[in-house]
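Visitor: Protein chains in written order, with my numbering: chain B, 1 to 360; chain H, 1001 to 1360.
2 protein chains.
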Amino acid sequence: MFELLKTDGSARRGTLTLAHGTVQTPTFMPVGTAATVKGLTPEELRGAHSQIVLANTYHLWLRPGRDLLVEAGGIHRFMAWNGPILTDSGGFQVFSLQERRKLDDDGVTFRSHIDGSEHRFTPESVIAFEEAIGVDIAMVLDVCVKLPAIRAQLEESVRMTTAWARRSREAWSRPETHVFAIMQGGLDPELRERSARELVELDFPGYAIGGLSVGETREEMYVTARHAAALLPVVKPRYLMGVGTVKDIVMAVECGIDMFDCVYPTRCGRNGRAMTRSGEYSIRNAQYTRDFSPVDHDCDCYVCTTYTRAYLNHLFRANEMLGPRLLSYHNVYVLNDLMREAREAIELGAWAAFRDRFFG
Amino acid sequence: MFELLKTDGSARRGTLTLAHGTVQTPTFMPVGTAATVKGLTPEELRGAHSQIVLANTYHLWLRPGRDLLVEAGGIHRFMAWNGPILTDSGGFQVFSLQERRKLDDDGVTFRSHIDGSEHRFTPESVIAFEEAIGVDIAMVLDVCVKLPAIRAQLEESVRMTTAWARRSREAWSRPETHVFAIMQGGLDPELRERSARELVELDFPGYAIGGLSVGETREEMYVTARHAAALLPVVKPRYLMGVGTVKDIVMAVECGIDMFDCVYPTRCGRNGRAMTRSGEYSIRNAQYTRDFSPVDHDCDCYVCTTYTRAYLNHLFRANEMLGPRLLSYHNVYVLNDLMREAREAIELGAWAAFRDRFFG
């Protein structure tokens, strides 16, 4: 299902063949938490060259819920996106609930942030949910730890994450859904090695590096991601969770990662923050009020070829919902286009030069 | 510039040729107050078969302001809508400001609702603004009255509106911009006649019926609109301001009106209210949670052919911005499609039967 086409240094160029289409890697996955990438239609996601969309088990479980998604004919039909979908397991969300969740060896009980109702995730119930709604890639339920953390906590998270991964592997029954494991271990190299060894032994179709982008410094993240990626099988896809700035993505590709997701481009878009290859800026700033140039001079997206900074500045100042829409579109386009360029650079053996454009 | 192609009873079928295109009438004009129809791109407005868009002088005057719109190359380029644009004069908005405005014979001074800054509208300054930003149809500054009103108030509003219309007519200098007068007179037939007579004498390219949809009953509005329309020249386009429900539009066409505008379809769309030819409903209602049929069974728009009521119900319950977007699109499409059917019915001499479908 994953084919590694070429490497250039540690950077990798591959294809990921899934039930709803083939994904060219490295790839960025925009986040559609509640079965919608905020503000964008499926046609716009395609227009912005998105290949695969992420949704979240925690949110979908609570609303609209499994039964409704099954009745709808699955999540693809429900949200009218016919390309590949990956669901995060909800592990990260549940562990963020803090006092509203109770962990035991078998699973985790938590209260909904929407209505306070009680729910329970087990490795089996999460996989069953993801299979029932028909996703292409299902993440296992993992045990996350917020950084900084003491070693005993990290060790326990690795132990339980492996045990749950094993149960997830056994619970997996639907061939069209590929189940990916999630590595833990914080910033501890020895624990990362242990987590990788235990999960690789279970032979999953793909592996995510979890437990990063959770409070550590950027430098710490890079060091750990590089080390963690090298611990994973060459022939399996590697996914770094929660990464979505231009620099972080380029560095992650440099570390040998194939997939990324983040709410960052759409959240920035809603807040008036424009992403470009050469940096970010707030479109609300007074300096753009009379700037009739495009949002991003290096971009050929619909927004940059149709509207000016002055118009987007006006939309945001007037609280017009078209502003968040247009800027979300542009930001997603920028990351997808960055990935396209990264893939070309790797194919051409020009990765180092490409990477150095971002770390001058 | 207006050609009356056919009548069927009082209903009229015509074409309105403007600098940015020809409009088939009767027509509905979606409202883009601040140079954006809330939530929709120009491409979507076209996709929903919009022919002409309304914007508002009051709002544009305050933000982004005349100089910026001129620098941008006019309002069409600023908002990337290359079809016809009509601007309301801001009379209605300024008179809604109540204690924040001061009327004199020469004009009206008011304070911005945004930052409290003082501004002044005169008939001349409003026309100059509308011409400077390059609109296709410019409404004159009128003196509005909230209903119910005493006769002396209405009489004064007619007197001043005529005096200001005369000054607007004289101030008008740009051939690509057509200036429309606005009739006042409340529900008083004699005052409507006086207003019509005085304005028609000034020979404007088109006439609006103002001072309705401001607190009167629906029956009162119909009676006055019918009477008012009959007072206007057959060869000039007639515009009923602020009308935008399915029934009101059908009745207005029945009264011999050619143009309508209203924020209603987009405001409803943002609030989860779905418009159909057979009535309105709230998509948030529990009964639609598991309803996998389209928003409107009689509609072939993008939203109705792509998504289910269950999905839109989910989007609104989850406060996802895609919901307001999609429903606004559908609602605008419904009104435009209703207009298309109305035009066909008039062409075929089948207007009465069409009208009676809505008043069974």
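For glycine and all other residues, C-beta sits at the position ideal for the given N, C-alpha and C.
Just so you know, these numbers come straight off a predicted model, no measurement behind them.
(1) Could you tell me which chain H residues have their CB closer than 7 Å to the CB of residue 317(B), listed as they occur along the chain?
(2) List the residues of chain B that residue 1324(H) touches, going by C-beta distances under 8 Å, in chain order.
(3) Buried or exposed for residue 1336(H), please, with buried defined as at least 16 other CB atoms from any protein chain shown within 10 angstroms of its CB.
(4) Between residue 310(B) and chain H, is there a C-beta pair that is closer than 8 Å?
(5) Can the beta-carbon of residue 1061(H) be found closer than 8 Å to that of residue 1129(H)?
(6) Could you say if the stretch 1200-1212 of chain H and the stretch 1178-1186 of chain H meet the contact criterion of at least three C-beta pairs nearer than 8 Å?
(7) Output the distance between the C-alpha atoms of residue 1256(H) and residue 292(B), rounded to the nearest integer angstrom.
(8) Have a look at residue 164(B) and residue 123(B) and give me their C-alpha separation to the nearest angstrom.
(9) Taking one C-beta from the stretch 1211-1230 of chain H and one from the stretch 1142-1160 of chain H each time, how about it: are there three or more such pairs within less than 8 Å?
(10) Should the stretch 1097-1117 of chain H be regarded as contacting the stretch 1029-1037 of chain H, the criterion being three or more beta carbon pairs within less than 8 Å?
(11) Would you say residue 25(B) lies against chain H (beta-carbon separation less than 8 Å)?
(12) Does the distance from the C-beta atom of residue 312(B) to that of residue 283(B) stay below 8 Å?
(13) At which residue ranges does the stretch 143-207 of chain B contain complete beta strand (DSSP E) runs of 3 or more residues, listed in the order of the chain?
(14) Mind checking if residue 1267(H) is an interface residue toward chain B, Cβ cutoff 8 Å exclusive?
(15) Just checking my contact of residue 1302(H) with residue 1074(H) at CB under 8 Å: how many whole Å lie between their CB atoms?
(16) Taking 8 Å as the threshold, find out whether the stretch 166-179 of chain B comes into contact with the stretch 3-13 of chain B through three or more Cβ pairs.
(17) Answer with buried or exposed for residue 1228(H), where buried requires no fewer than 16 other C-beta atoms within 10 angstroms of its C-beta.
(18) Go ahead and pull the three-state DSSP assignment for residue 1321(H).
(19) On the premise that residue 27(B) lies in contact with residue 259(B), defined as a C-beta separation below 8 Å, what is that separation, rounded to the nearest angstrom?
(20) Run through the stretch 239-295 of chain B for me and flag every whole beta strand (DSSP E) of 3 or more residues, listed as ranges in chain order.
(21) Starting from the Cα of residue 113(B), find the closest Cα among 63(B), 265(B) and 249(B) and give me that residue.
(22) Which residues, in order along the stretch 1071-1105 of chain H, keep a beta-carbon less than 9 Å from a beta-carbon of chain B?
(23) Am I right that residue 89(B) and residue 140(B) are in contact with their C-beta atoms under 8 Å? What's the rounded C-beta distance?
(24) Would you say residue 54(B) faces chain H, with C-beta separation under 8 Å as the test?
(25) For residue 57(B), would you say it is in contact with chain H, using Cβ-to-Cβ distances shorter than 8 Å as the test?
(26) Under 8 Å, Cβ to Cβ, is there at least one residue of chain H near residue 134(B)?
(27) If the cut is a Cβ gap below 7 Å, which residues of chain H does residue 245(B) touch?
(28) Output needed for residue 1133(H): all residues of its chain with C-beta closer than 6 Å, excluding positions within five of it in sequence on either side, in chain order.
(29) On the criterion of 16 or more Cβ atoms from any shown chain inside 10 Å, does residue 1237(H) qualify as buried, or is it exposed?
(30) Step through the CB atoms of chain B and report whether any lies within less than 8 Å of the CB of residue 1038(H).
(31) Determine the chain H residues that contact residue 273(B) at a beta-carbon separation under 8 Å, and present them in chain order.
(32) With a 10 Å radius around its C-beta and 16 neighbouring C-beta atoms as the bar for buried, classify residue 1231(H) as buried or exposed.
(33) For residue 1052(H), count the other beta carbons within 10 Å of its own beta carbon; 16 or more makes it buried, fewer makes it exposed. Which is it?
(34) Compile a chain-ordered list of the residues in the stretch 282-294 of chain B whose CB is closer than 9 Å to at least one CB of chain H.
(35) Using 10 angstroms around the beta-carbon of residue 56(B), count the other beta-carbons present and answer buried if the total reaches 16, otherwise exposed.
(36) Residue 34(B) touches chain H at which residues, Cβ-Cβ below 7 Å?
Guide: Straight from the coordinates:
(1) In the first sequence, residue 317(B) corresponds to position 317, counting from 1. Under the 7 Å cutoff, chain H gives 1063.
(2) Here residue 1324(H) refers to the residue found at position 324 of the second sequence. Correct list: 321.
(3) Counting from one through the second sequence, the residue named residue 1336(H) turns up at place 336. The residue in question, residue 1336(H), is buried, as its Cβ has 16 or more Cβ neighbours within 10 Å.
(4) Start at 1 with the first residue of the first sequence, and residue 310(B) comes out as number 310. At least one chain H Cβ lies under 8 Å of residue 310(B).
(5) What you label residue 1061(H) is simply residue 61 of the second sequence in a count that begins at 1. What you label residue 1129(H) is simply residue 129 of the second sequence in a count that begins at 1. Contact flag set, yes.
(6) yes
(7) As a working mapping, residue 1256(H) is identified with position 256 in the second sequence. As a working mapping, residue 292(B) is identified with position 292 in the first sequence. If you take the alpha carbons of residue 1256(H) and residue 292(B), they lie about 43 Å apart.
(8) Position 164 of the first sequence, counted from the first residue, corresponds to residue 164(B). Position 123 of the first sequence, counted from the first residue, corresponds to residue 123(B). Taking the straight line from one Cα to the other gives about 6 Å.
(9) yes
(10) no
(11) Residue mapping note: residue 25(B) aligns to position 25 of the first sequence, counting from 1. Closer than 8 Å: no.
(12) Taking the first residue of the first sequence as 1, we reach residue 312(B) at position 312. Taking the first residue of the first sequence as 1, we reach residue 283(B) at position 283. Against a cut-off of 8 Å, the Cβ pair of residue 283(B) and residue 312(B) comes out as a contact.
(13) 178-183
(14) Taking the second sequence and counting its residues from 1, the one referred to as residue 1267(H) is at position 267. Residue 1267(H) does not count as touching chain B.
(15) Residue 1302(H) sits at position 302 when you count from the first residue of the second sequence. Residue 1074(H) sits at position 74 when you count from the first residue of the second sequence. The pair is not a contact, with the Cβ atoms about 29 Å apart (cut-off 8 Å).
(16) The stretch 166-179 of chain B makes no contact with the stretch 3-13 of chain B, as fewer than three CB pairs between them are under 8 Å.
(17) Taking the second sequence and counting its residues from 1, the one referred to as residue 1228(H) is at position 228. Buried.
(18) Counting from one through the second sequence, the residue named residue 1321(H) turns up at place 321. Residue 1321(H) carries a coil assignment under DSSP once its states are collapsed to helix, strand and coil.
(19) Residue 259(B) sits at position 259 when you count from the first residue of the first sequence. Residue 27(B) sits at position 27 when you count from the first residue of the first sequence. Going by Cβ atoms, the distance from residue 259(B) to residue 27(B) rounds to 6 Å, so yes, they are a contact pair.
(20) 259-262, 273-276 and 279-282
(21) Looking up residue 113(B) in the first sequence gives position 113. Selected option, being the one with the closest Cα: 63(B).
(22) 1071, 1072, 1073, 1077, 1078, 1079 and 1080
(23) Taking the first residue of the first sequence as position 1, residue 89(B) is located at position 89. Taking the first residue of the first sequence as position 1, residue 140(B) is located at position 140. Going by Cβ atoms, the distance from residue 89(B) to residue 140(B) rounds to 6 Å, so yes, they are a contact pair.
(24) The residue labelled residue 54(B) in the question sits at position 54 within the first sequence. Closer than 8 Å: no.
(25) In the first sequence, residue 57(B) corresponds to position 57, counting from 1. No, no contact with chain H.
(26) Residue mapping note: residue 134(B) aligns to position 134 of the first sequence, counting from 1. Chain H contact via Cβ: absent.
(27) Numbered from its first residue, the first sequence carries residue 245(B) at position 245. Listed along chain H is no residue with a C-beta nearer than 7 Å to that of residue 245(B); the closest approach is about 23 Å.
(28) In the second sequence, counting from the first residue as 1, residue 1133(H) sits at position 133. Once the five neighbours on either side are set aside, the close Cβ partners of residue 1133(H) are 1069, 1074 and 1075.
(29) In the second sequence, counting from the first residue as 1, residue 1237(H) sits at position 237. The residue is buried, with at least 16 neighbouring Cβ atoms inside 10 Å.
(30) For the purposes of this step, residue 1038(H) is taken as residue 38 along the second sequence, with counting starting at 1. Chain B, which has a Cβ nearer than 8 Å to the Cβ of residue 1038(H), makes this yes.
(31) Your numbering for residue 273(B) matches position 273 in the first sequence. Against residue 273(B), chain H offers no close residue; the least beta-carbon distance is about 16 Å (beta-carbon pairs closer than 8 Å).
(32) Looking up residue 1231(H) in the second sequence gives position 231. Classification of residue 1231(H): buried, given that the 10 Å Cβ count is 16 or more.
(33) Walking along the second sequence from the start, residue 1052(H) turns up at place 52. By the neighbour-count rule (16 or more Cβ atoms within 10 Å), residue 1052(H) is buried.
(34) 289, 290 and 292
(35) Position 56 of the first sequence holds residue 56(B). It is buried - the Cβ of residue 56(B) has at least 16 other Cβ atoms within 10 Å.
(36) Residue 34(B) sits at position 34 when you count from the first residue of the first sequence. Per Cβ cutoff of 7 Å: 1318 and 1320.
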